[in-house]
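Chemist: So the mapping is simple: our numbering equals the position in the sequence shown, first residue as 1, plus 557.
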Amino acid sequence: MKATAVAHPNIALAKYWGKRDVAHNVPATPSLSVTLSGDGLETRTTVQFDASLERDVFVLGGVPNAEGPLSRVVGVLDEVRRLAGTTARARVESENGFPTASGLASSASGFAALVCASLAAAGVELPLADASRMARRASASAARSMLGGFVSLGTGEGEGDDPAAVEVASSGHWDLAVVVGAVTLAAKETGSTNGMRHCRDTSPYYPAWVSDAPRLFQAVRAAVLARDLSALGTAAEASALRMHACMMASDPALIYFSGATVALLAEVRALRKSGTEAYATIDAGPHVKVLTRSPDVPKVVAALGSHAVRVLVTTPGDGARLVS
Ligand code: PMV
558 MKATAVAHPN
568 IALAKYWGKR
578 DVAHNVPATP
588 SLSVTLSGDG
598 LETRTTVQFD
608 ASLERDVFVL
618 GGVPNAEGPL
628 SRVVGVLDEV
638 RRLAGTTARA
648 RVESENGFPT
658 ASGLASSASG
668 FAALVCASLA
678 AAGVELPLAD
688 ASRMARRASA
698 SAARSMLGGF
708 VSLGTGEGEG
718 DDPAAVEVAS
728 SGHWDLAVVV
738 GAVTLAAKET
748 GSTNGMRHCR
758 DTSPYYPAWV
768 SDAPRLFQAV
778 RAAVLARDLS
788 ALGTAAEASA
798 LRMHACMMAS
808 DPALIYFSGA
818 TVALLAEVRA
828 LRKSGTEAYA
838 TIDAGPHVKV
848 LTRSPDVPKV
858 VAALGSHAVR
868 VLVTTPGDGA
878 RLVS
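(1) Between which two residues does the beta strand (DSSP E) holding Phe615 run?
(2) What number of angstroms, rounded off, separates the C-alpha of His755 from the C-alpha of Phe707?
(3) Taking the beta carbon of Pro587 as the centre, do at least 16 other beta carbons fall within 10 Å, making it buried, or is it exposed?
(4) Mind checking whether the beta-carbon of Ala697 lies closer than 6 angstroms to any heavy atom of the ligand PMV?
(5) Extract the residue ranges of the alpha helix (DSSP H) inside the stretch 620–683, only unbroken runs of 4 or more that lie entirely within it.
(6) Compare the Cα-Cα distances from Ala837 to each of Val857, Leu640 and Arg690 and report the closest residue.
(7) Just to confirm the assignment, what range does the alpha helix (DSSP H) spanning Ser768 have?
(8) Do you know offhand how far Ser787's Cα is from Glu834's?
(9) Output the distance between the C-alpha atoms of Ala841 and Ala560, rounded to the nearest integer angstrom.
(10) Which residues does DSSP pair with Ser709 in a beta bridge?
(11) Can you give the beta carbon distance from Ser594 to Asn567, rounded, assuming they're within the 8 angstroms contact cut?
(12) Pair every Cβ in the stretch 746–765 with every Cβ in the stretch 667–687, then say whether three or more of these pairs are closer than 8 angstroms.
(13) Does DSSP put Val740 in a helix, a strand or coil?
(14) Counting only the same chain and skipping the five closest in sequence on each side, list residues whose C-beta sits under 8 angstroms from that of Ala575.
(15) Return yes when at least one heavy atom of the ligand PMV lies under 6 angstroms from the C-beta of Asp578, else no.
(16) How many whole angstroms separate the CB atoms of Val847 and Gly738, which I take to be in contact at a CB cut-off of 8 angstroms?
(17) Helix, strand or coil for Val854 per DSSP?
(18) Anyone know if the C-beta pair for Asp596 and Ala647 falls short of 7 angstroms?
(19) Determine, using beta carbons only, whether Val630 and Phe615 come nearer to each other than 7 angstroms.
(20) Nearest-angstrom Cα distance between Phe655 and Val620?
(21) Which partner residues does Ser594 have in the DSSP bridge list?
(22) Excluding five sequence neighbours on each side, which residues of the same chain lie with their C-beta closer than 6 angstroms to the C-beta of Ala677?
(23) Based on the DSSP secondary-structure assignment, which residues constitute the bridge partners of Thr561?
(24) Let me check one thing: in DSSP terms, what residues is Lys576 bridge-paired to?
(25) Looking only at its own chain, which residues have a Cβ that is under 7 angstroms from the Cβ of Glu794, when we skip the five neighbours before and after it?
(26) Identify whether Lys846 lies in helix, strand or coil by the three-state DSSP scheme.
(27) Given this structure, state the Cα-to-Cα distance separating Glu650 from Arg829, to the nearest angstrom.
(28) In the DSSP assignment, find the unbroken alpha helix (DSSP H) run with Thr791 in it and report its ends.
(29) Which partner residues does Asn751 have in the DSSP bridge list?
(30) Take the Cβ of Gly715 as the centre, count every other Cβ of all protein chains shown within 10 Å, and call the residue buried at 16 or more, exposed below.
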């Protein structure tokens, strides 16, 4: 009744932002990500079902029942209990090798590791697609971290309104480097679910964002399959900046950028001007992640160093897996 799993965060190259079906957590835009490993970017989660517990216990980074994620954690455990035919409560212990809730995608790796460990601890065997759907209901980006390499997640149309992440290419397909410039180690102020709702309700750019996203998704997908960095970088930057433009046009404005975010974007553009292929993407946080070729990593690390509090070097990694 006890299992430990490891999962990595992922960075979306074509962004998911907005929900087509809020109740079932189905995205309004198709997304394509790369699962990232390296420099501590992983979550390790142990789940133990124990009939003597009165309620579920969630310990994150050594802190018991950290507020916020608990109800979504219980939601996953309830689904697993239903499948296993048990009422036993569980003790969940989770550690991130990087700052939690800061826009470094801790919810993606966190819920992917939780789904993987809790299914195994309860003795439930599910096809990977169903495990990915379970992760999606907790956090849509977590559906993608169930798989390694380059991964897409659709909007459910033609998929029974219940999409699962699918592999576009394995981690060995392309030795793309992703250099993460973390600009703060603090937690972000607006979580993605609230941010998406606010954007949908108040941003006049939201319908344009949703209708343009499938075209960018196709461009990202084709560039990944062709290992074409300049095509990928151009489409990925457009996806990130259009998503942020939609956020900034909300009322009141939703701004995840900090001064350092803008300074890092300028560094990336200066790198390109001087002949180094580097492209930026930014999630719902201030950090800048830079897509580049492996031999150019030292140049990118040096360029980000003056504005970032931490620079992490990552490459395509594996999906969620059991370690014991
Ligand atoms: O799955 P969530 O609720 O963590 O939302 C993820 C949203 C973005 O990171 C901004 C984009 C994405 O596709 O991962």
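Even glycine gets a Cβ: it sits at the ideal position worked out from N, Cα and C.
In this text, all values refer to a predicted model and were calculated from it rather than measured experimentally.
Modeler: A quick look at the data gives this:
(1) Here residue 615 refers to the residue found at position 58 when the sequence shown is read from its first residue. It spans Val614 to Leu617 - the beta strand (DSSP E) in which Phe615 sits, taken as one unbroken run.
(2) Looking up residue 755 in the sequence shown gives position 198. Looking up residue 707 in the sequence shown gives position 150. Computed Cα separation, rounded: 29 angstroms.
(3) In the sequence shown, the residue the question calls residue 587 occupies position 30. Result: buried.
(4) By one-based count along the sequence shown, residue 697 stands at place 140. Yes, the beta carbon of Ala697 sits closer than 6 angstroms to at least one heavy atom of the ligand PMV.
(5) 626–641 and 663–678
(6) In the sequence shown, counting from the first residue as 1, residue 837 sits at position 280. Closest option to Ala837, Cα to Cα, is Val857.
(7) Against the sequence shown, residue 768 aligns to sequence position 211. Where Ser768 is concerned, the enclosing alpha helix (DSSP H) stretches over Tyr763 to Leu782.
(8) Counting from 1 along the sequence shown, the entry for residue 787 is found at position 230. Counting from 1 along the sequence shown, the entry for residue 834 is found at position 277. If you take the alpha carbons of Ser787 and Glu834, they lie about 7 angstroms apart.
(9) Stepping through the sequence shown from its first residue, residue 841 is reached at position 284. Stepping through the sequence shown from its first residue, residue 560 is reached at position 3. Distance between the alpha carbons of Ala841 and Ala560: 31 angstroms.
(10) If you number the sequence shown from 1, residue 709 lands on position 152. Per DSSP, Leu589 and Val723.
(11) If you number the sequence shown from 1, residue 594 lands on position 37. If you number the sequence shown from 1, residue 567 lands on position 10. About 10 angstroms separates the two Cβ atoms, so there is no contact after all.
(12) no
(13) As a position in the sequence shown, residue 740 is number 183, starting the count at 1. DSSP places Val740 in coil when its eight states are reduced to three.
(14) Reading the sequence shown from its first residue, position 18 is the one you call residue 575. What sits at residue 575 in the sequence shown is Gly, not Ala. So the qualifying residues of the chain are Pro584, Ala585, Thr586, Met753, Cys756, Arg757, Tyr763, Trp766 and Val767.
(15) Here residue 578 corresponds to residue number 21 of the sequence shown, with the count starting at 1. Incorrect: Asp578 has no Cβ contact closer than 6 angstroms to the ligand PMV.
(16) The count along the sequence shown starts at 1 and reaches residue 847 at position 290. The count along the sequence shown starts at 1 and reaches residue 738 at position 181. With a Cβ gap of about 7 angstroms, Val847 and Gly738 count as contacting.
(17) In the sequence shown, the residue the question calls residue 854 occupies position 297. Looking at Val854 - three-state DSSP - the assignment turns out to be helix.
(18) Within the sequence shown, residue 596 is the residue found at index 39, counting from 1. Within the sequence shown, residue 647 is the residue found at index 90, counting from 1. No, they are not a contact pair.
(19) If you number the sequence shown from 1, residue 630 lands on position 73. If you number the sequence shown from 1, residue 615 lands on position 58. Going by C-beta atoms, Val630 is nearer than 7 angstroms to Phe615.
(20) Your numbering for residue 655 matches position 98 in the sequence shown. Your numbering for residue 620 matches position 63 in the sequence shown. Going by the C-alpha atoms only, they are around 15 angstroms apart.
(21) What you label residue 594 is simply residue 37 of the sequence shown in a count that begins at 1. BP columns for Ser594 point to Thr872.
(22) Walking along the sequence shown from the start, residue 677 turns up at place 120. If we look at Ala677 and ignore the five residues flanking it on each side, its Cβ neighbours are Ala560 and Leu879.
(23) Sequence index remark: in the sequence shown, residue 561 carries index 4 (1-based). In the DSSP output, where bridge partners are listed per residue, Thr561 has Thr603.
(24) Locating residue 576 in the sequence shown gives position 19, counting from the first residue. Its beta-bridge partners are Pro584.
(25) Residue numbering aside, residue 794 sits at position 237 when the sequence shown is read from its first letter. Taken in chain order, the residues that qualify are Tyr836, Ala837 and Thr838.
(26) In the sequence shown, the residue the question calls residue 846 occupies position 289. In the structure shown, Lys846 sits in a strand (DSSP, three-state: E or B).
(27) For the purposes of this step, residue 650 is taken as the residue at position 93 of the sequence shown. For the purposes of this step, residue 829 is taken as the residue at position 272 of the sequence shown. Looking at the two C-alpha atoms, the distance is approximately 43 angstroms.
(28) On the sequence shown, residue 791 is found 234 positions in, with the first residue counted as 1. Per DSSP, Thr791 belongs to the alpha helix (DSSP H) from Leu786 to Met805.
(29) For this step, residue 751 is matched to residue 194 along the sequence shown. The partner list for Asn751 (beta bridge, DSSP) is empty, contrary to what the question assumes.
(30) The residue labelled residue 715 in the question sits at position 158 within the sequence shown. Exposed, because fewer than 16 other Cβ atoms sit within 10 Å of the Cβ of Gly715.
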